[in-house]
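Numbering of the sequence shown is given in the numbering used here, commencing with residue 3 and proceeding in unit increments.
The C-beta atom is built at its ideal place from N, Cα and C for all residues, glycine as well.
The structure presented is a predicted model; accordingly, all values stated were derived computationally and were not measured.
Notes for the one structure printed next.
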Amino acid sequence: MAEDTNIILESKEPALGKIEVAPQVLEIIVGIAASQTEGVARMRGSLANSVTELLGRKEQHGKGVKLVFDGDELAVDVYVYLNYGVAVPKVALAIQDSVKQQLLFMTDLDLREVNVHVEGVIPEKTAQQVDPDNLFNQSDEGDSDQ
Numbered sequence: 003m004a005e006d007t008n009i010i011l012e013s014k015e016p017a018l019g020k021i022e023v024a025p026q027v028l029e030i031i032v033g034i035a036a037s038q039t040e041g042v043a044r045m046r047g048s049l050a051n052s053v054t055e056l057l058g059r060k061e062q063h064g065k066g067v068k069l070v071f072d073g074d075e076l077a078v079d080v081y082v083y084l085n086y087g088v089a090v091p092k093v094a095l096a097i098q099d100s101v102k103q104q105l106l107f108m109t110d111l112d113l114r115e116v117n118v119h120v121e122g123v124i125p126e127k128t129a130q131q132v133d134p135d136n137l138f139n140q141s142d143e144g145d146s147d148q
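In structure tokens form, the structure reads like this:
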């Protein structure tokens, strides 16, 4: 049954045998290509993914990726969170280009479509500056009158 779920790559020399790629491999390729795109904060994951990462396990690169293999055509859905302030259409197009390019380069598979779903925007974290000499942010104006 596992053979039915694998994607068979067409070989230019059939006498050498067939090449099968597990869908998880394609998910990892797509996940890495998308997450390394400029402007992507992170990929969407499930609660289980978040708990696993909090426990110190490695980040799962296939999260936020859904593959639909229909006959000879492959469609990919990518779910991402973007950094605040980026141009959403520009980043989405860059994700589509990067995913298509990496899958073609690494597996010789041609994609029917790459759908990018922007799940949210992550604001920048602002570092709060704490003055060690004035922890409670008190002004010295009242002390100068005495």
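At the C-beta level, V123 and Y86 come within 7 Å of one another. For F107, the enclosing alpha helix (DSSP H) begins and ends at 90–109. DSSP places G73 outside both helix and strand once states are collapsed to three, so it counts as coil. Between H119 and D79 the beta-carbon gap is near 6 Å, inside 8 Å, which marks them as a contact. Beta-bridge analysis with DSSP links K68 to D79. A residue is called buried when at least 16 other Cβ atoms come within 10 angstroms of its Cβ; T39 meets this threshold and is buried. In this structure, the straight-line span from the alpha carbon of V67 to that of L95 is close to 16 Å.
In terms of Cβ geometry, V93 and L84 form a close pair [threshold 7 Å]. The residues A77, V78, in chain order, have a CB closer than 8 Å to that of E115 in the same chain once the five nearest residues on each side in sequence are set aside. Shown here for M45: same chain residues with a beta carbon closer than 7 Å to its own, the five before and five after excluded, namely G33, A36, S37, K65, G66, Y81, V82 in chain order. The C-beta distance from I9 to E22 rounds to 7 Å, short enough to fall under 8 Å.
Between G41 and V88, the gap from beta carbon to beta carbon is short of 7 Å.
Restricting attention to D135, A43, T7, I97, the CA atom closest to the CA of P125 is found in A43. Leaving aside the five residues that flank D110 on each side, the residues in its chain whose CB is nearer than 7 Å to its CB run, in chain order, L11. Excluding residues up to 5 positions away in sequence, R114 lie with their Cβ nearer than 7 Å to the Cβ of E75 in the same chain.
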